[in-house]
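If you're matching positions, the sequence shown starts at 1 in our numbering and goes up one per residue.
A virtual CB, placed ideally from N, CA and C, is assigned to each residue, including glycine.
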Amino acid sequence: MREPAGVRDGMKIHLRMLGCRLNQSEIDRMARQLEQQGHTLVNDAAQADEVIVNTCAVTADAVRSGRKLIRELHRQNDRAHISVTGCHAQLAPQEIAALPGVVRVVGNLEKDSLVAQITGQPVAEFDLEPHERQPYPGAGARTRAFIKVQDGCDNACTFCVTTIARGAGRSRPANAVVQEINSLHQAGYQEAVLTGVHLGSYGHDLGDPDGLRRLVQRLLAETAIPRLRLSSLEPWDLAPAFFDLWQNPRLCPHLHLPLQSGCDDTLRRMRRHTRQHAFRALVQAARAAIPDVRLTSDVIVGFPGETDEEFARSEAFIHEMDFAGLHVFRYSSRPGTPAAKMRGHLPEATRQARSQRLLAHAAAQEERFAARYAGRALPVLWEHISGASEHGFLQGGYTHHYLRVQAVHPRILTNHITPALLGAYNQGAVQATPVIE
Ligand code: SF4
């Protein structure tokens with residue numbers, strides 16, 4: 001591992017991340033801290049003095065991609081000092097330290113001090129000053145902010161490396177979350193997405209089993225951010241009364257409930273705390289309480305011992321649930337997890353074939369959900385511009401229930417929420433016409 005650079009003012013810093021929204025929220029937060037300290041965030045790694053990479057270890061592919069990214073960054077700029085954090089850095093620090101250009105490997109528990117370690121300057125616990133309205137190079141655009149409210153997990157799903165990499169569950173104080181969201185809203189953000197490794201357990205470590213519901217109530221009462229969204233929620237964390245929160249239209253009608261398998265036997269081996277009947281009841285309660293709710297999920301195919309019959313049961317249940325979107329993961333053995341030691345690991349060809357079947361199903365479900373809204377005007381938060389033509393700018397954004405929308409309009413709509421008339425669904429996005437006076 002190379003020596004870290006000395007502390008300097010006005011450094012140029014390039015930020016990269018792989019993996020989940022939690023990693024995104026952490027890199028966004030580092031961006032804000034660096035900018036507050038007067039450093040410059042650059043889009044191009046070749047111009048950077050320092051590079052920060054937030055890695056992921058959820059699958060073997062994610063691990064490979066992280067290492068490849070670090071090598072590539074070093075090829076682009078062999079003068080830059082690379083600091084690496086995240087789940088892969090936590091689990092395999094020596095492997096990361098041996099990569100070219102790496103000067104610092106920081107585990108997840110010390111991640112909050114990474115910016116201070118690089119710059120030698122203290123960081124604010126949350127952002128007190130409004131920022132200028134412009135996207136952070138290498139971080140998310142300033143329309144939708146990911147807010148980490150919780151880290152770690154006390155469950156023990158047998159496939160999951162995240163608990164090993166992130167440790168026990170711990171929650172941020174609600175006051176700090178309220179202040180951070182107010183600051184982000186003042187800075188121009190229109191949407192806040194609450195994230196955590198196990199978001200549904202928010203507050204449990206502080207002695208409040210109803211912590212997430214109380215946090216959302218406070219955020220709706222004490223902030224004016226136009227949109228609040230919850231990221232992934234484990235299905236066993238939610239009581240039906242939780243859905244009463246959606247009586248407030250600022251809470252986006254989008255629920256991501258990771259199922260992982262629709263077969264009870266597989267769920268038992270995964271040590272998931274849900275079964276078909278409980279999941280079905282939860283989905284029915286959500287659909288009854290939240291008009292227009294968009295329900296999405298995750299599923300792992302090819303878990304050790306998943307027979308053809310188990311997969312068929314899982315597939316039938318997934319059809320029945322009629323998700324509007326589905327992330328399909330091929331099981332990937334992660335060292336240190338109980339599943340890695342189980343019998344019945346399946347050949348790649350079987351995992352691939354099952355994945356293809358569910359992906360085809362997921363694409364059809366997504367299209368069907370989008371078709372329901374054709375001809376309706378829904379509010380869209382416009383997030384980016386991807387091109388221009390003689391008719392205007394090609395703009396992209398999301399509805400409140402997280403349907404991706406594209407439109408051409410002569411005015412730049414970025415960071416505004418405007419109604420748009422939804423049309424046909426094409427290649428993952430709904431074509432729309434903004435309704436602007
Ligand atoms: S709930 Fe299960 S899958 Fe999710 S982080 Fe915890 S152990 Fe991992």
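Annotation for residue 406: the continuous beta strand (DSSP E) segment containing it runs 404–409. For residue 248, no alpha helix (DSSP H) encloses it, and the DSSP letter there is neither H nor E. Judged by their CB atoms, residue 97 and residue 105 are nearer to each other than the 8 Å cut-off.
When the Cα atoms are used, residue 78 and residue 181 turn out to be separated by approximately 38 Å. Counting other Cβ atoms within 10 Å of its Cβ, residue 51 reaches 16 or more and is therefore classed as buried.
DSSP places residue 285 in the helix class (H, G or I) of the three-state scheme. In the DSSP assignment, residue 298 falls within the beta strand (DSSP E) that extends over 294–301.
For residue 274, the shortest separation between its Cβ and any heavy atom of the ligand SF4 does not lie below 7 Å. In the DSSP assignment, residue 52 falls outside any alpha helix (DSSP H) and lies within the beta strand (DSSP E) extending over 50–55. Here the distance from the Cβ of residue 198 to the nearest heavy atom of the ligand SF4 is below 7 Å. For residue 23, no beta strand (DSSP E) run applies; the uninterrupted alpha helix (DSSP H) run containing it begins and ends at 21–36, by DSSP. The continuous beta strand (DSSP E) containing residue 329 extends over residues 325–330. Excluding its 5 nearest sequence neighbours in each direction, residue 434 has C-beta neighbours in its own chain below 6 Å: 407, 409, 418, 420, listed in chain order. The Cβ neighbour count for residue 162, taken over all protein chains shown within 10 Å, is at least 16; the residue is labelled buried.
Taking C-beta atoms as the reference points, residue 55 and residue 86 count as a pair closer than 8 Å. By the beta-carbon neighbour count (other beta carbons within 10 angstroms, threshold 16), residue 383 is buried.
Here the region 167–186 makes contact with the region 206–223; the two share three or more CB pairs at distances below 8 Å. Our two residues, residue 32 and residue 4, have alpha carbons roughly 22 Å apart in a direct line. For residue 370, the closest of 68, 269, 424 by C-alpha to C-alpha distance is 424. By the neighbour-count criterion, in which a residue is buried when 16 or more other Cβ atoms sit within 10 angstroms of its Cβ, residue 206 is exposed.
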